[in-house]
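A.B. asks:
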Ligand SMILES: Nc1ncnc2c1ncn2[C@@H]1O[C@H](COP(=O)(O)OP(=O)(O)OP(=O)(O)O)[C@@H](O)[C@H]1O
Ligand SMILES: Nc1ncnc2c1ncn2[C@@H]1O[C@H](COP(=O)(O)OP(=O)(O)OP(=O)(O)O)[C@@H](O)[C@H]1O
Ligand SMILES: [Mg+2]
Ligand SMILES: [Mg+2]
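Chains as they are written, first to last, in the numbering used here: chain S, 217 to 438; chain U, 217 to 438; chain P, 6 to 161; chain V, 6 to 161.
#1: Counting only Cβ pairs nearer than 9 Å, list the residues of chain V close to residue 254/S.
#2: Return the bridge partner residues of residue 223/S from the DSSP annotation.
#3: With the cut-off set at 7 Å, would you say residue 120/P and residue 404/S are in Cβ contact?
#4: Buried or exposed for residue 116/V, going by 16 or more other Cβ atoms inside 10 Å?
#5: Could you tell me which of 146/V, 22/V, 32/V sits nearest to residue 83/V, measuring between CA atoms?
#6: Keeping to the same chain, check which residues put their C-beta closer than 6 Å to that of residue 283/S; ignore five residues upstream and five downstream.
#7: Output the distance between the C-alpha atoms of residue 61/V and residue 51/V, rounded to the nearest integer angstrom.
#8: Going by C-alpha distance, which of 129/V, 53/V, 32/V is nearest residue 107/V?
#9: Specify, as a first and last residue, the run of the beta strand (DSSP E) that residue 422/U falls within.
#10: Report all residues for which the CB-ligand distance to some heavy atom of ligand 2 is below 5 Å; order them along the chain.
#11: Mind the definition here: the segment 31–49 of chain P touches the segment 237–256 of chain U only if three or more C-beta pairs lie below 8 Å; say whether that holds.
#12: Measuring from the CB of residue 396/U, is there a heavy atom of ligand 4 at a distance below 6 Å?
#13: For residue 26/P and chain U, any beta-carbon pair shorter than 7 Å?
#14: Could you please give the first and the last residue of the uninterrupted beta strand (DSSP E) stretch that includes residue 428/U?
#15: At a CB-CB cut-off below 9 Å, which residues of chain P make contact with residue 98/V?
#16: Is any heavy atom of ligand 4 found at a distance shorter than 6 Å from the C-beta of residue 148/V?
#17: Going by beta-carbon coordinates alone, are residue 374/U and residue 293/U separated by less than 7 Å?
#18: Using a cut-off of 9 Å between C-beta atoms, extract the partners of residue 388/S located in chain P.
#19: Pull up the DSSP beta-bridge partners for residue 32/P, would you.
#20: Classify residue 406/S as helix, strand or coil using the three-state DSSP reduction.
#21: Can you list, in chain order, the residues of its chain with a C-beta nearer than 6 Å to that of residue 24/P? Leave out the 5 residues immediately preceding and following it.
#22: Start and end of the alpha helix (DSSP H) containing residue 246/U?
#23: Is the CB of residue 103/P under 7 Å away from at least one CB in chain U?
#24: Tell me, please, whether the segment 26–41 of chain V touches the segment 256–270 of chain S by the rule of three or more beta-carbon pairs shorter than 8 Å.
#25: Which one or two residues does DSSP pair with residue 411/U in a beta bridge?
#26: Under a Cβ-count criterion, where at least 16 other Cβ atoms within 10 Å of its own Cβ denotes burial, should residue 88/V be classed as buried or exposed?
#27: Would you mind working out which of 410/S, 275/S, 399/S sits nearest residue 435/S, comparing C-alpha positions?
#28: Give, in chain order, every residue of the segment 75–86 of chain V whose Cβ lies closer than 8 Å to some Cβ of chain U.
#29: So which residues of chain U does residue 63/P contact, with C-beta pairs closer than 9 Å?
#30: Taking any Cβ of chain V, which residues in the segment 412–425 of chain U have a Cβ under 7 Å from it, in chain order?
#31: Output the distance between the C-alpha atoms of residue 300/U and residue 91/V, rounded to the nearest integer angstrom.
#32: Could you tell me the boundaries of the alpha helix (DSSP H) in which residue 80/V lies?
#33: Check whether the Cβ of residue 416/S sits closer than 6 Å to any heavy atom of ligand 3, and report yes or no.
#34: Which class does residue 302/U belong to by DSSP, given the choice of helix, strand or coil?
#35: Below 9 Å between beta carbons is the criterion; list the residues of the segment 394–407 of chain S that meet it against any residue of chain P, in chain order.
#36: Mapping DSSP to helix, strand and coil, what is residue 100/V?
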């Protein structure tokens, strides 16, 4: 399984809509200071709900909308879509709501009405750790042909001119709660506290962290 | 005024005694990871009393003694001597105790018996901000010939096998208190909270610091 | 629960030892404060680079800390791989020789997972399967250019 | 006391503006929370690199933050120089072009004060008047070698 593409619309320094294709194995992202490299990683954290706004260097979510874009309109919006290639995932890991065959609509709604994060300040981020997981049963598995399987996550942030905002998640185009998204990501071994994303300046934090916290990393995996 | 040499004895990764000559203007220190570059800067902080043990990456002062050296004896000792070239300092900045002409003994003791930091743990470092400045009067100035003037500071750390330690400061070979050393350093515009030493990983701390702290930096200089 | 932890700990420890040896050419291992009751204490990283006696973690150099931390992350990865890893300038403290060692290790680990690594260092760029270039014209938006992507994706 | 502060603030602000423009090719200045009563508030750094609108400090990139912080340090230096400055890898986040800009600025500031700069970056090493090499043989002590020191001090 790997990320196939990241599409950013009006997100941080990405003014229009940019789709970045990604391949398996080893990719380097490089370029001058301030060009937007770290912002691409912030986009992954944003779309997959893996971090609060501070972890994306924003004081509050509205700071994530491209400033040029938001200054010209009443309500502005930032979107990020991450598409995973899941061809090599054994079917028992997937529910039928996981499997979108290149955009085909898969019927069953993978969640109730989106639990939107609505807020005027970043205290809404306290809701980060999941808002319930009703509705998705991991035993609801339908074997599917193994051609070109994709799994996509989209997050849309809308900000009004007064500064209030809503944030919504979608799996394969169907709205879902952040909790449901996290539950499915967990089955793919992607966790908010996972050490698979190391942000700029953080590499030595594992050294300076408290030993109990470090032991809890192993608890999580066990 | 500039640093003319730094001599390290049994300090951190410096096993024997190494004297490093330094010249004015722009010097780069380079070499492989773990070779000892940052330790040289720690030696400057150590000798001039500009930092607690934590700022030198030591949990407590005894950690600063070269481990090889300390493991072979009952009492071990680490020394650092920093020699400044003060030829260009107008004499009114100097007291006669400042001016040592290439090792000549200058008579007057520049301090009472050294206020030793004696301790078994790093709570002794709380004393960092000066222990009094009795004895030195900045108006006690004697004009001197302007040839080859030096000003040297030595700090000696002695550690017993039980782990207790003493730390003593000397200016031009005469013992002094840390407070007296700081007072003289201040006249040379060297301060413990000064921003003339930026440690590894700290460059962006000015950005993340609290605005009031940042304003206090200007207070200090004014 | 204790058994699940112990199994995870032993596996990660074994990985850590071999990865650390390869990355920093030294000896390192994981140590529990309380091996009888791990949940009663924390987890320590014991590391001593090439022939030096064991050092406290705090006194390690910037480069040594980076390699130790990365060895731990790779040890976790070999036990429970995530599908992707995203590293932002984790090589910033490393000297040229260590950047090469790290790049080689990432290339090896990338057989099991996708690695997206932000880096300014040449040995890292040269070891990658491809580079994505990111630029920002004066005052304008970020632009992304694929460099060395496979031919059908060479331009965005 | 207020006047002493105001004088210091204005001088440092003026320095900051010209240094920031040189280092990051953008506009930056210092701003007091409360200009009428500075001691009632803090000091903010307002920075917007090349043609971008003013950005919050937090959202700046690693390289942009480094250049902004260094501009502030140099601004303080031009007002109240210390006899020496010791920088440990302050260029770690900078791309090649910015390392060169910084190296040139240090060379210029070094006319007034002694700079001892730990760095692994080539443009920094090439701009220096001399380099001191530090190595550590396997398990042995740090050794210091003078490289390019003036002839009479070429070996230690
Ligand atoms: N909401 C926003 N609108 C427009 N630009 C933004 C927004 N948020 C951040 N930026 C800009 O994005 C740039 C930072 O991008 P990023 O951190 O990705 O750079 P980088 O390529 O990682 O650089 P470095 O190599 O210095 O780390 C900054 O110049 C910042 O001003
Ligand atoms: N008391 C001590 N006795 C012996 N060695 C020590 C002592 N304290 C620290 N060291 C060693 O000094 C080394 C660190 O040196 P230093 O931090 O100066 O490296 P560096 O050249 O700055 O490396 P980097 O480029 O990675 O930052 C470490 O290997 C550490 O183990
Ligand atoms: Mg960055
Ligand atoms: Mg270092």
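Glycine residues also receive a C-beta, built at the ideal position from the N, C-alpha and C atoms.
No experiment lies behind these values; they were computed from the predicted model shown.
C.D. replies: A quick look at the data gives this:
#1: 66, 67
#2: 235/S, 297/S
#3: no
#4: exposed
#5: 22/V
#6: none
#7: 8 Å
#8: 129/V
#9: Unbroken run through residue 422/U is the alpha helix (DSSP H), 421–424; no beta strand (DSSP E).
#10: 228/U, 229/U, 249/U, 250/U, 251/U, 252/U, 253/U, 254/U, 255/U, 282/U, 283/U, 60/P, 64/P, 66/P, 67/P, 68/P
#11: no
#12: no
#13: no
#14: Per DSSP, residue 428/U belongs to no beta strand (DSSP E); it is in the alpha helix (DSSP H), 427–437.
#15: 94, 97, 125
#16: no
#17: yes
#18: Result: empty, since nearest Cβ-Cβ is about 17 Å, beyond 9 Å.
#19: 53/P
#20: coil
#21: 76, 79, 80
#22: Looking at the DSSP string, residue 246/U is not in any alpha helix (DSSP H); the run it does join, the beta strand (DSSP E), is 242–246.
#23: yes
#24: no
#25: None, per the DSSP bridge assignment.
#26: buried
#27: 410/S
#28: 75, 77, 78, 81, 82, 84, 85, 86
#29: 270, 273, 274, 275, 279
#30: 412, 413, 414, 415, 416, 419, 420, 422, 423
#31: 15 Å
#32: 67–84
#33: yes
#34: coil
#35: 404, 405, 406, 407
#36: coil
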